[in-house]
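Colleague: Pasting in a structure now, in structure tokens, and then I'll have a few things to ask.
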Amino acid sequence: MILGTVPEAVVWAIYLAPVASFVVIAALSRTARFQGTSEYAGRITIAAIGIAWLASLWALDSAIGNDGESLAFAPHTWATLFDLNVTVGVHLDGLSGIMVFVVTSVSLLVQIYSVGYMEGDRGVSRYFASMSLFTAAMLGLVLSSSLLQLFVHWELVGLASYLLIGFWFDRPPAAAAAKKAFIVTRFGDFAFLLAVVLIWSKTGLLDIAAINDLAVAGGIGAAVLTGFTLGLFSGAIGKSAQFPLHIWLPDAMEGPTPVSALIHAATMVVAGVYLIARFFPSFEAAPAQILDLVAYTGGFTALLAASLGIVQTDIKRVLAYSTISQIGYMVMALGVFGFVAAIFHLFTHAFFKALLFLGAGSVNHATGTFDMRRMGGLRGYMPITYWTFVIASLSLAGVFPLAGFWSKDEILLDAWKYEKPLFVVGALVAGMTALYMFRAIFMTFWGEYQGGEGSDDEHAEVHGEPHESPRSMALPLLILAVPAVIAGFFNLGGGFSHLVEGALPDELRHGPPDIYGGIVAVSLVMAFGGIGAAAAIYHAGRPSAADVRAKLGPLPRVVEAKYYLDFIAETLIVRWILNGVIQRAAQLVDTYIIDFAVDQFAESVRRAGDAMRRVEAGYVQGYTSLFLAGVVIAVVVIAVLGTGVLER
Amino acid sequence: MLTVFLLLPLVGALTVLTLPRDNEGNARWVALFYSVLTFIMSVAIFIRFDPDNPGYQFVDRFEWIQGGDTGFTVQYALGVDGLSAPLVLLTGLLSLAAVLVSWNIDLRPKQYFAWLLVLETAVAGVFLSLDLIQFFFFWELELLPMYMLISIWGSGRPRYSAMKFLLFTMGGSAFMLVGFLVLGLSAGTFDIAVLATEAGRPLDAVIPLSVVFWLVMAAFLVKLPVIPVHTWLPDAHTDAPTAVSVMLAGVLLKMGGYGILRIALPIMPDQARDFGVVLAIIAAASVIWGAILTLQQRDLKRLVAYSSVSHMGYVLLGVSALGAVGLSGAALQMFTHGTITGLLFIVVGLIYDRTHTRQISDMSGLLHRMPVLGVVMIIAGLASLGLPALSGFVAEFTVFAGTIQAHPAATIIAVFGVVLAAGYILWAVQRVFTGPPDERWTGLTDAREWWEYTAMASMLIFIVGVGVYPRLLTDVIESGVEPIALLVQAVA
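Those protein sequences? They're chains A and B, same order as listed. Count along the first sequence from 1, then add 73; that gives the number in the numbering used here. Count along the second sequence from 1, then add 9; that gives the number in the numbering used here.
As structure tokens, then:
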């Protein structure tokens with residue numbers, strides 16, 4: 074600990090600085106100075122997130138000084154309604170300390186990069202306002218002391234991603250992707266909301282620490298705890314793009330590339346991992362099947378997405394499936410009690426994945442396309458982008474001694490200890506990761522330049538010879554390359570473990586990680602095997618990609634069709650079943666049964682009126698015969714019911 | 010104070026009518042003057058209302074019809090409590106907005122604004138009445154201006170829709186009148202406050218109280234509306250002029266929810282408990298059925314109208330649990346739905362004024378031409394789908410928190426309505442506002458008139474304000490709901 078204990082106001086500033094930036098830019102966005110130039114909006118955003126970053130350093134320092142245990146900041150009452158007492162507060166411990174550091178660091182670099190990347194775009198003020206909101210919502214999410222407060226920010230993260238994915242709203246795919254992201258994640262949020270409501274109604278608690286304590290103490294029934302953790306996990310599946318709700322993330326590529334960097338590295342998708350980690354004591358206290366479900370969902374997603382990553386031709390989509398796969402890795406780690414391993418991987422992944430996305434943006438800036446088949450040979454034109462991209466890829470592939478090696482190794486170790494089938498999955502995924510990353514590198518940076526430009530150009534300028542990106546874009550790449558190399562060393566002495574495990578109750582802590590030579594060997598063999606395969610197929614051409622494809626039979630086509638999962642979700646379920654059958658049937662029932670009955674009833678009243686009018690036409694004969702008929706009916710009724718009626 | 014508030018719009022209506030014929034254009038200014046005054050009074054009532062003081066405040070009362078010992082005594086009695094205070098504010102707010110969005114009415118403006126102001130008095134009378142007969146009087150009074158406004162100034166099939174609206178409401182209120190008479194004559198009083206006590210409540214009547222409960226509920230459920238008595242609503246909304254849609258969705262539907270909370274539950278709590286499950290089932294069905302039908306709509310205004318069926322289902326759901334939190338949620342939902350849907354109708358109306366079409370498929374890329382209207386519509390839409398930090402979420406969360414224990418299955422079904430809401434709102438936004446700019450719409454203008462801005466801003470303030478800081482409403486509502494909750498739970 075270098076500085077004194079952080080005051081509560083400084084922790085709040087981490088969150089409120091980007092909030093202020095959002096409000097200011099949104100309020101001024103229609104003034105002339107904020108139109109079409111990133112000069113003002115960009116500076117305000119960078120300044121605000123810079124402040125948040127400095128404050129988060131102090132907060133992290135205090136969390137370290139406190140052994141990662143929670144600094145007690147009393148929550149504040151926000152709203153009360155009978156016994157529903159909603160508080161807001163900041164919860165700072167090792168877990169949230171690491172998270173605010175990661176979020177502010179990545180976001181700051183992404184904003185600096187954005188100034189160059191987004192220059193000249195008409196909506197640049199809207200862009201920075203949304204980016205501020207995105208960062209603020211994520212910071213609010215990780216700092217929340219109350220479950221409801223967390224849920225609110227969780228939804229605001231969804232809102233900001235909606236605004237940013239659909240940033241170029243005049244492009245129909247962008248607008249569709251934004252809508253898809255929001256609605257798909259809402260399926261998860263539906264169960265999350267139920268979990269919030271459930272836990273409050275059963276325990277009267279919304280405070281996160283109090284819920285965890287009660288769960289650990291056995292104060293929550295198994296059924297309620299099962300429902301609660303399942304609800305939270307559903308929310309995580311949506312936000313963190315796990316199977317089967319992963320389908321929104323690849324489409325989210327329609328947003329500007331720096332947005333993707335932020336979504337994939339530090340905000341949004343890691344929110345689900347954080348949520349499970351935050352409630353890890355509750356998940357451990359729940360019946361064991363819950364964590365098994367978490368583990369296998371993560372493992373399955375990791376494998377599924379890695380296989381999809383191998384067949385993409387769009388460099389951003391390779392990275393998108395890579396993210397789904399790596400987040401699956403983290404979720405799997407949580408399921409096999411790898412609390413530290415999951416967060417450690419989240420930490421290292423944030424840096425190298427942000428770097429990869431910014432690198433992809435840099436490539437697009439130079440070539441005007443994301444299609445790797447139109448690239449090639451770029452390593453000569455843009456050395457900074459090339460070398461940083463390679464470093465990040467090596468790190469992601471888990472090559473010793475880069476950051477990704479250490480965190481991946483911890484996950485594999487936990488999988489080996491607690492769930493051997495998942496160790497096999499993890500090792501396989503490691504190999505596939507190395508394969509798709511180096512496939513991307515060979516296609517993008519090696520060979521001959523294929524001319525670039527395509528329909529997916531994010532910039533209106535004319536592209537000639539590819540060129541290295543401007544300094545504001547290159548600098549973040551160089552800075553991010555440093556943690557992509559060294560971030561793995563932080564847990565060598567168990568320092569990271571100690572810090573993060575401070576968030577757990579004593580009995581759930583595991584202590585510093587071990588290193589098993591066998592696992593290291595497996596992991597390295599898989600990594601180099603993947604790289605070697607990529608080099609053989611996509612560089613040397615022995616065997617050529619076409620040969621491999623032919624040998625695999627129908628499999629590549631199934632994978633390229635995304636295993637038909639998008640078809641099942643969008644066409645089969647939404648278009649055919651919901652739109653085609655359910656909605657249409659409901660409309661028919663509403664129009665031709667309910668409303669028809671109403672109209673018919675009204676009509677029959679009118680007809681009855683007509684009939685009555687005819688009856689009461691003033692003819693004495695008519696009245697007499699009706700009177701007679703009435704008397705007859707009365708007599709019959711009395712005869713049937715008995716004469717008792719008359720006597721009363 | 011309340012009498013002045015109640016009669017102010019009526020005076021305004023009479024003033025409008027006395028304007029000389031060659032000066033009809035001034036009718037809107039007179040209407041604006043009176044609706045601003047009324048709005049200011051509604052704010053004053055809301056602010057000066059003391060939530061720590063239980064019971065009715067600012068009471069004005071005298072005996073209207075003296076029945077001697079027949080028991081048929083009808084009072085003129087006005088008062089507000091924590092339940093009606095937010096609705097009084099809502100009435101003032103939406104009536105003002107309704108006048109503003111009618112600024113360009115040029116067909117017989119004198120009559121138009123006069124009816125609009127009469128409507129305000131009628132609705133305010135419903136929320137202020139402390140006597141069953143008086144309540145019924147204002148309930149029926151509201152029909153006349155509504156019929157006129159829809160059938161004369163409406164579009165599409167206005168006469169059909171107006172008549173449908175009239176018949177549905179009267180059908181319901183005929184049952185309600187029978188119910189009221191049975192209640193009042195059995196108990197010997199029509200005073201709502203007296204009836205809503207254990208001593209004053211009728212324990213038996215000429216027809217079973219459980220039947221009376223449904224007689225009274227019939228009118229409220231039609232008004233709310235719930236399935237299967239909702240089909241008047243989309244027709245009335247679609248064919249009504251914008252201001253009337255705003256009033257209809259914003260305030261008139263709340264009369265149904267208010268009636269349940271003010272009359273049905275406190276006077277017949279035992280019956281409410283017996284039928285709580287039935288109410289929950291109707292509510293969940295309305296939420297889902299309404300949402301599915303909303304997904305199917307191709308007309309922007311009809312889409313908003315159907316979403317009301319779904320959202321008012323939350324009001325009934327909150328009621329059905331009969332607990333303090335759920336009832337508060339219902340009361341909150343009434344206010345927030347009033348502002349959110351009111352705003353949606355305003356924006357849809359302003360768009361229609363420009364495009365002269367409401368078909369979603371005809372529109373595309375409107376955000377390029379009308380960024381302000383687009384952003385306001387998106388905010389209102391997000392509020393409608395329950396995004397936190399906007400008021401819809403506060404109400405929905407409270408409803409769900411209040412009902413999950415009593416009716417878990419119905420609550421889970423109703424929460425799923427939130428997912429469907431995201432579907433229809435975002436689909437409409439995508440189709441209408443995003444996409445490349447459409448050549449057909451290059452000539453369109455964005456919102457630029459002062460009255461357009463004022464109408465939208467007045468709603469937005471409440472949507473964001475309540476969403477960020479719910480205590481603006483919750484303290485008042487809590488004071489109004491508490492006695493009702495105590496009554497309903499007393500015998501359990």
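Glycine is no exception: its CB is placed at the ideal position from the N, C-alpha and C atoms.
#1: Going along chain A, which residues have a C-beta under 7 Å from L7/B?
#2: Under 8 Å between beta-carbons, which chain A residues line up against W436/B? List them in chain order, please.
#3: Express the C-alpha separation of I472/B and V728/A in angstroms, rounding to a whole number.
#4: Compare the Cα-Cα distances from G308/A to each of V404/A, G213/A, T386/A, L216/A and report the closest residue.
#5: Roughly how many whole angstroms lie between the Cα atoms of I284/A and S355/A?
#6: Hey, how far is the Cα of F354/B from the Cα of A107/B?
#7: Looking at the structure shown, is A533/A part of a helix, part of a strand, or coil, going by DSSP?
#8: If I measure Cβ to Cβ from V231/B and keep anything under 6 Å in the same chain, skipping five residues before and after, which residues do I get?
#9: In whole angstroms, give me the CA-to-CA distance for A533/A and G411/B.
#10: Please list the segments of the alpha helix (DSSP H) lying wholly inside the region 172–249 of chain B, counting only runs of 4 or more residues, in order along the chain.
#11: With which residues is A86/B paired in a DSSP beta bridge?
#12: Looking at the unbroken alpha helix (DSSP H) that takes in T177/A, where does it start and where does it end?
#13: Is any beta-carbon of chain A found at less than 8 Å from that of A333/B?
#14: So for W241/A, helix, strand or coil by DSSP?
#15: Taking one C-beta from the region 130–150 of chain A and one from the region 180–191 of chain A each time, how about it: are there three or more such pairs within less than 8 Å?
#16: Quick one: grab the DSSP three-state call for P80/A.
#17: Just confirm the distance between the C-beta atoms of G21/B and V39/B, as a whole number of angstroms; I'd bet it's less than 8 Å.
#18: Which of helix, strand or coil does DSSP assign to Q342/B?
#19: According to DSSP, is H612/A part of a helix, a strand, or is it coil?
#20: When burial is assigned at 16 or more other CB atoms within 10 Å of the CB, is S93/B buried or exposed?
#21: Measuring CB atoms only, is the region 341–354 of chain A touching the region 457–469 of chain A, in the sense that at least three cross pairs come out at less than 8 Å?
#22: Starting from N158/A, follow the beta strand (DSSP E) in both directions and report where the run begins and ends.
#23: Quick one: what's got a C-beta closer than 7 Å to L41/B's C-beta in the same chain, skipping five residues either side?
#24: Taking C-beta pairs closer than 8 Å, name the residues in chain B that P245/A reaches, listed in chain order.
#25: Can you find at least 3 beta carbon pairs, one from the region 202–209 of chain A and one from the region 110–121 of chain A, that sit closer than 8 Å?
#26: How close, in whole Å, do the beta carbons of L431/A and P331/A come, if the pair is a contact with beta carbons under 8 Å?
#27: Let me know if K493/A comes out buried or exposed under the rule of 16 or more other beta-carbons within 10 Å of its beta-carbon.
#28: Closer than 7 Å by C-beta to I604/A: which residues in its own chain qualify, once you throw out the five before and the five after it? Chain order, please.
#29: Check the Cβ-Cβ distances between A533/A and every residue of chain B, and say whether any is below 8 Å.
#30: Can you tell me which of the three DSSP states K426/A falls into?
#31: The region 255–288 of chain A: which residues have C-beta closer than 7 Å to a C-beta of chain B, in chain order?
#32: Kindly indicate if chain B contains any beta-carbon less than 8 Å away from that of A93/A.
#33: What does DSSP give as the partner residue(s) for A152/A in the beta ladder?
#34: Rounded to whole angstroms, what's the CA-CA distance from I293/A to R166/B? Just pull it up for me.
#35: Excluding five sequence neighbours on each side, which residues of the same chain lie with their C-beta closer than 7 Å to the C-beta of L175/B?
#36: Out of L625/A, A606/A, L236/A, P543/A, state which residue places its alpha-carbon closest to the alpha-carbon of P329/A.
Modeller: Looking at the coordinates:
#1: Residue 7/B lies beyond the residue range present for chain B, which begins at 10 and ends at 501; the question has no answer from this structure.
#2: The residue given as residue 436/B occupies position 427 in the second sequence. Those are K252, listed as they occur along chain A.
#3: With chain A represented from 74 up to 721, any question about residue 728/A goes unanswered, as that position is not in the structure.
#4: Along the first sequence, one-based indexing puts residue 308/A at 235. Out of V404/A, G213/A, T386/A, L216/A, V404/A has the C-alpha closest to the C-alpha of G308/A.
#5: For the purposes of this step, residue 284/A is identified with residue 211 of the first sequence, where counting begins at 1. For the purposes of this step, residue 355/A is identified with residue 282 of the first sequence, where counting begins at 1. Those two C-alpha atoms are separated by around 8 Å.
#6: Here residue 354/B refers to the residue found at position 345 of the second sequence. Here residue 107/B refers to the residue found at position 98 of the second sequence. F354/B and A107/B: Cα-Cα distance of roughly 10 Å.
#7: Translated into the one-based positions of the first sequence, residue 533/A becomes position 460. With a pLDDT of only 49 at A533/A, under 50, the local geometry of the prediction cannot be trusted, and no value is derived from it.
#8: Locating residue 231/B in the second sequence gives position 222, counting from the first residue. Counting only Cβ-Cβ distances below 6 Å, and skipping sequence neighbours, we find F177, G181, V238.
#9: Here the question's residue 533/A lines up with position 460 in the first sequence. Here the question's residue 411/B lines up with position 402 in the second sequence. Any reading at A533/A must be qualified, since the residue scores a pLDDT of 49, below 50, and its modelled position is unreliable; the value itself is stated next. Just so you know, the alpha carbons of A533/A and G411/B end up roughly 53 Å apart.
#10: Segments of the alpha helix (DSSP H) lying fully in the region 172–249 of chain B: 201–204, 218–232, 241–248.
#11: Reading the second sequence from its first residue, position 77 is the one you call residue 86/B. Under DSSP, the beta-bridge partners assigned to A86/B are R70/B.
#12: Residue numbering aside, residue 177/A sits at position 104 when the first sequence is read from its first letter. Counting along the chain, the alpha helix (DSSP H) containing T177/A begins and ends at 167–190.
#13: Here the question's residue 333/B lines up with position 324 in the second sequence. Chain A contact via Cβ: present.
#14: Taking the first residue of the first sequence as 1, we reach residue 241/A at position 168. In this structure, W241/A counts as coil in the three-state DSSP scheme.
#15: By the Cβ rule, the region 130–150 of chain A does not count as touching the region 180–191 of chain A, because fewer than three pairs are nearer than 8 Å.
#16: Position 7 of the first sequence, counted from the first residue, corresponds to residue 80/A. Reduced to three states, the DSSP call for P80/A is coil.
#17: The residue you call residue 21/B lines up with position 12 of the second sequence. The residue you call residue 39/B lines up with position 30 of the second sequence. Right, their Cβ atoms sit about 6 Å apart.
#18: Counted from its first residue, the second sequence places residue 342/B at position 333. In this structure, Q342/B counts as helix in the three-state DSSP scheme.
#19: Within the first sequence, residue 612/A is the residue found at index 539, counting from 1. Three-state DSSP puts H612/A in a helix.
#20: Here the question's residue 93/B lines up with position 84 in the second sequence. Classification for S93/B: buried.
#21: They do not touch, by the three-pair rule.
#22: Stepping through the first sequence from its first residue, residue 158/A is reached at position 85. Segment 157–161, the beta strand (DSSP E) holding N158/A.
#23: On the second sequence, position 32 is the one that residue 41/B refers to. So the list reads V108, once near-sequence residues are dropped.
#24: Counted from its first residue, the first sequence places residue 245/A at position 172. Chain B residues near P245/A: T443, G444, P445.
#25: Segments in contact, yes.
#26: As a first step, residue 431/A is located in the first sequence; it is residue number 358 there, counting from the start. As a first step, residue 331/A is located in the first sequence; it is residue number 258 there, counting from the start. Their Cβ separation, rounded to whole angstroms, is 7 Å, which keeps L431/A and P331/A in contact under 8 Å.
#27: On the first sequence, residue 493/A is found 420 positions in, with the first residue counted as 1. The residue is exposed, with fewer than 16 neighbouring Cβ atoms inside 10 Å.
#28: Taking the first residue of the first sequence as 1, we reach residue 604/A at position 531. Only A470, A507, F511 meet the Cβ criterion.
#29: The residue you call residue 533/A lines up with position 460 of the first sequence. Because the pLDDT at A533/A is just 49, under 50, the model does not fix this residue reliably, and the value given afterwards should be weighed accordingly. Cβ-Cβ to chain B under 8 Å: no for A533/A.
#30: In the first sequence, the residue the question calls residue 426/A occupies position 353. For K426/A, the secondary structure class from DSSP, reduced to helix, strand or coil, is helix.
#31: Across the region 255–288 of chain A, CB contacts with chain B closer than 7 Å involve F255, I256, R259, F260, F263, L266, L267, V270, L271, W273, S274, in sequence order along the chain.
#32: For the purposes of this step, residue 93/A is taken as residue 20 along the first sequence, with counting starting at 1. Closer than 8 Å: no.
#33: Start at 1 with the first residue of the first sequence, and residue 152/A comes out as number 79. Answer by DSSP bridge pairing, in chain order: V159/A.
#34: As a working mapping, residue 293/A is identified with position 220 in the first sequence. As a working mapping, residue 166/B is identified with position 157 in the second sequence. I293/A and R166/B have their alpha carbons spaced roughly 58 Å apart.
#35: If you number the second sequence from 1, residue 175/B lands on position 166. Hits under 7 Å: L152, Y156.
#36: Taking the first residue of the first sequence as 1, we reach residue 329/A at position 256. Check the Cα spacing between P329/A and each of L625/A, A606/A, L236/A, P543/A: the tightest is with L236/A.
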